[in-house]
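Chains as they are written, first to last, in UniProt numbering: chain A, 1 to 152; chain B, 1 to 152; chain C, 1 to 152.
Here a beta-carbon is modelled for each residue, glycine too, at the ideal position from N, C-alpha and C.
On a predicted model such as this, the values are computed, not experimentally measured, just so you know.
Structure record follows, encoded as structure tokens.
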Amino acid sequence: MSSLSSMKDNQVFLAFSTYAIIVILKMMLMSFWTSYFRLTRKAFANLEDTKLVSPTEDKKLVIVNPDVERVRRCHQNDLENVIPFVLVGLLYTLTGPELSTALLHFRVFVVSRIFHTIAYVGCLPQPSRGLCFMVGVLVTFSMAWTVLSTAL
Amino acid sequence: MSSLSSMKDNQVFLAFSTYAIIVILKMMLMSFWTSYFRLTRKAFANLEDTKLVSPTEDKKLVIVNPDVERVRRCHQNDLENVIPFVLVGLLYTLTGPELSTALLHFRVFVVSRIFHTIAYVGCLPQPSRGLCFMVGVLVTFSMAWTVLSTAL
Amino acid sequence: MSSLSSMKDNQVFLAFSTYAIIVILKMMLMSFWTSYFRLTRKAFANLEDTKLVSPTEDKKLVIVNPDVERVRRCHQNDLENVIPFVLVGLLYTLTGPELSTALLHFRVFVVSRIFHTIAYVGCLPQPSRGLCFMVGVLVTFSMAWTVLSTAL
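Here it is as structure tokens:
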């Protein structure tokens, strides 16, 4: 695979790799945030998990907690938006865009998702969260448009 | 990365890019459908969102609505099936399949997922939705089989 | 696309393709497991689905069942971890790692997710499931680190 040895020669691909990894790691951190809230709020989804904070399994700790659910909704929103960004972004990178244009797309997306998380978990008043969501979607749409234009 | 400049030379890759983008955009549209139903049904997941339709934050609008939940289940089913299709399809494209065989896979999948959405949100009687789901899964399985045959 | 013809020449890419397909298929099987539990436990999410086990549509079968919910949580955890593994793993493969190092990453991840599913659906006592989850996350983090080191 000739692309292997030449990954280092393609600036757009290096930039894509960096920002894709950053936003995927941000998404994965939501799992730990959920676990942290489950442990501190003592609200678990599985009976066997309650033993982590209780000497014996305790059915009363298998409850729904609003803080946990908020983090989980934020995680779900990441799944629905970050993964399409990475998939579309990979195809976009292969169309050979200008480095400056590509960097603009990648950076705006990453910043929009970080602010989205802050707005979501911090319960900031709308439309802050809605705007962050829309900016991320528009970046993905713009890259999708470029791929379709190139492919058709 | 030599593959960059030659994306335009590979018919299967161009076809994959086109259909992958179409089905990813279809999946992302479910977010807007959910938002539309949340606004018209006045059923929100977050207290701060209720201000979008109410002068002050209103706890009574933080409710579960069956129409919203149906669209969300359809979106979830897309996440569970469209993303595997794109990931497996990318590896499948790299095995160098015949263009006609590849097009058959991509087109059947995209059509099956569009009908799946119609069957789900339109509450069509079973087994219409189940069949659409199965057709999509079989396409992904067929591509996965080709990848494994090539790799092993 | 020159990488097409040479997929067979790159051992790391062949290994990645194989393990990625295995773990994606494992994830997709959770859908069928959910369907099996919905049919045998007679617990459905949609009214039209109840006709699969009842002569007429039956609202009493639109219920939440703990076995179904457990399989769905396991499926969700797969979405949150398997997809990042495949995306990060693809970028990692393109950095040109040693075959032995790459195989170690891929194999440990696949094994950790299979045991995670056994621990989750089998209700095994903690921290068995938590450890399986952590091993998978650490593999993905290690690959992400390699990509960032190469790209920066």
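Under a criterion of Cβ atoms nearer than 9 Å, the residues of chain B adjacent to Met27/C are, in order, Glu80, Pro84. One thing to note: Ala119/B has its Cβ no nearer than 7 Å to the Cβ of Arg107/B. Ala45, Asn46, Leu47, Glu48, Asp49, Lys51, Leu52: these are the residues of the segment 42 to 57 of chain A whose beta carbon lies less than 8 Å from some beta carbon of chain C, given in chain order.
The residues Asp78, Val82, in chain order, have a CB closer than 6 Å to that of Met27/B in the same chain once the five nearest residues on each side in sequence are set aside. In the three-state scheme derived from DSSP, where H, G and I count as helix and E and B as strand, Pro84/C is classed as helix. Within chain A, Ser17, Thr18, Ala20, Ile21 have C-beta atoms less than 9 Å from the C-beta of Val147/C, given in sequence order.
If you look at Gly130/A, you'll find it in the alpha helix (DSSP H) that goes 128 to 151.
Neighbours of Gln126/C in chain A, taken as residues at a C-beta separation under 7 Å, are given in chain order as Glu48, Asp49, Lys51, Leu52.
Secondary structure at Arg113/A: helix, using DSSP grouped into helix, strand and coil. Within 9 Å of the CB of Leu14/C, the CB atoms of chain B belong to Thr150, Ala151, Leu152, in sequence order along the chain. Per DSSP, reduced to three states, the secondary structure at Gly122/C is coil, with no helix or strand assignment.
A Cβ-Cβ distance of about 6 Å is found for the pair Leu61/C and Ser54/C, placing them in contact under the 8 Å criterion. A Cβ-Cβ separation of about 5 Å places Ile21/B in contact with Ala144/A under the 8 Å criterion. Here Cys74/C is buried. Its C-beta has 16 or more other C-beta atoms within 10 Å.
Taken through DSSP and simplified to helix, strand or coil, Ser54/B comes out as coil. The Cβ atoms of Ser112/B and Val135/B sit closer than 7 Å to each other. The C-alpha of Leu148/B is placed about 15 Å away from the C-alpha of Asn10/C. From the beta-carbon of Arg113/C, no residue of chain A is found nearer than 9 Å; the closest lies around 14 Å away.
Sequence-distant partners of Glu57/B (beyond 5 residues in either direction) whose C-beta falls short of 8 Å from its own C-beta, in its chain, are Leu47, Glu48, Thr50, Lys51.
Residue contact with chain C for Ile24/A: present (Cβ-Cβ distance below 7 Å to some residue of chain C). Gly122/C counts as exposed, since fewer than 16 other beta carbons sit within 10 angstroms of its beta carbon. The beta carbons of Phe16/C and Leu90/C sit about 7 Å from each other, so the pair counts as a contact at 8 Å. Using a Cβ-Cβ cut-off of 7 Å, Cys132/B does not count as an interface residue toward chain C, since no Cβ of chain C sits closer than that to its own.
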